[in-house]
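Everything below concerns the one structure shown next.
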Amino acid sequence: MTILKANHLSHRFDYPLFSEVSLSLATSESLAIIGVSGSGKSTLLHILSTLLEPKSGEVELFGNDIYTLKSSELIALRRHDIGLIYQAHYLLKGFSARENLEVASILSGEGIDEVLLQRLGIHHVLEQKVTELSGGQQQRISIARVLTKKPRLIFADEPTGNLDAQTAEEVMHIFYDYVQEYESAMVLVTHDEDLAFACDAVYRLENQQLVKVK
Ligand SMILES: Nc1ncnc2c1ncn2[C@@H]1O[C@H](COP(=O)(O)OP(=O)(O)OP(=O)(O)O)[C@@H](O)[C@H]1O
Ligand SMILES: [Mg+2]
């Protein structure tokens, strides 16, 4: 089943970023976007994930043309179906790690997965305030928070940017396993070509075009 379909996307800020970008993603698939800093990867991810309307083109998620949906429909889609992991993670700072996960659990109606927390290596820091955790621990809490929702589609922008190479690989395997186990799908933005090429498809954003390289 096709989960995401982008048709002829173009976007510009002060200057053109990219044009005629098209891609599609099916259930249980992962797709990586690579490209030099400033090429527009995060912008493209924002467009694909409901956060930014493109200058032209359409994005379909689960068969819906998302920029024609009512805002209540868009909010429901974001809350239940989409998992967003940003380059900068937005945890609730005054709260403990566990409280951050509880918020996601309550909003989505899904339980907290203790096995996932073990696998992420964060089960022993859950009672600590988020501000007391290292950058890499915060990043893993934000990943746990997103996966707690059991999203049908994950958008991840440099999700392992704060992690050492070995932890990064372990964390990416959690994503790949999640996508298979829950018949979800993932769009990953990364600078790490090894992590990118572990995905089913790889695209490079260069010279304002999105080129398929795997
Ligand atoms: N809201 C905005 N308003 C104006 N310009 C923007 C905005 N967001 C991004 N840009 C510009 O668009 C270009 C692409 O930014 P983007 O964040 O998409 O790049 P990127 O490929 O994700 O880079 P990086 O690898 O460093 O994260 C940059 O030149 C940036 O300054
Ligand atoms: Mg970026």
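For the sequence shown, counting from 1, position 38 maps to 37 in numbering that gives the first Met the number 0; every step adds exactly one.
Using N, Cα and C, we set each Cβ at its ideal position, and we do this for glycine too.
Quick caveat, the model's predicted, so the values are computed rather than measured.
Backbone CA spacing between residue i and residue j [nearest angstrom]
i: residue 122; j: residue 116; result: 5 Å
i: residue 45; j: residue 84; result: 11 Å
i: residue 197; j: residue 75; result: 31 Å
i: residue 47; j: residue 125; result: 32 Å
i: residue 192; j: residue 164; result: 12 Å
i: residue 120; j: residue 171; result: 13 Å
i: residue 137; j: residue 52; result: 29 Å
i: residue 195; j: residue 158; result: 12 Å
i: residue 94; j: residue 212; result: 42 Å
i: residue 108; j: residue 67; result: 27 Å
i: residue 114; j: residue 173; result: 11 Å
i: residue 106; j: residue 78; result: 7 Å
i: residue 15; j: residue 57; result: 17 Å
i: residue 177; j: residue 17; result: 31 Å
i: residue 65; j: residue 185; result: 17 Å
i: residue 5; j: residue 49; result: 12 Å
Contact test: residue i Cβ vs ligand 2 heavy atom, cutoff 7 Å
i: residue 41; result: yes
i: residue 191; result: no
i: residue 112; result: no
i: residue 86; result: yes
i: residue 156; result: yes
Cβ neighbours of residue i in the same chain (closer than 7 Å, five flanking residues each side left out)
i: residue 182; result: 26 and 27
i: residue 100; result: 111, 143, 144 and 147
i: residue 150; result: 80, 81, 82 and 183
i: residue 97; result: 125 and 126
i: residue 179; result: 27
Close beta carbons around residue i, own chain, < 6 Å, minus the five adjacent residues each side
i: residue 19; result: 7
Residue i CB to nearest heavy atom of ligand 1 below 7 Å
i: residue 194; result: no
i: residue 37; result: yes
i: residue 16; result: yes
i: residue 34; result: yes
i: residue 12; result: yes
Burial state of residue i, where buried means 16 or more other Cβ atoms lie within 10 Å
i: residue 71; result: exposed
i: residue 37; result: exposed
i: residue 29; result: buried
i: residue 12; result: exposed
i: residue 141; result: buried
i: residue 54; result: exposed
i: residue 91; result: exposed
i: residue 89; result: exposed
i: residue 42; result: buried
i: residue 39; result: buried
CB-CB length for residue i against residue j, believed under 8 Å
i: residue 34; j: residue 205; result: 6 Å
i: residue 155; j: residue 187; result: 5 Å
i: residue 60; j: residue 152; result: 7 Å
i: residue 31; j: residue 189; result: 6 Å
i: residue 21; j: residue 3; result: Actually they are not in contact, since the Cβ atoms of residue 21 and residue 3 sit about 11 Å apart, beyond 8 Å.
Own chain residues within Cβ distance below 8 Å of residue i, not counting five before or after
i: residue 63; result: 72 and 76
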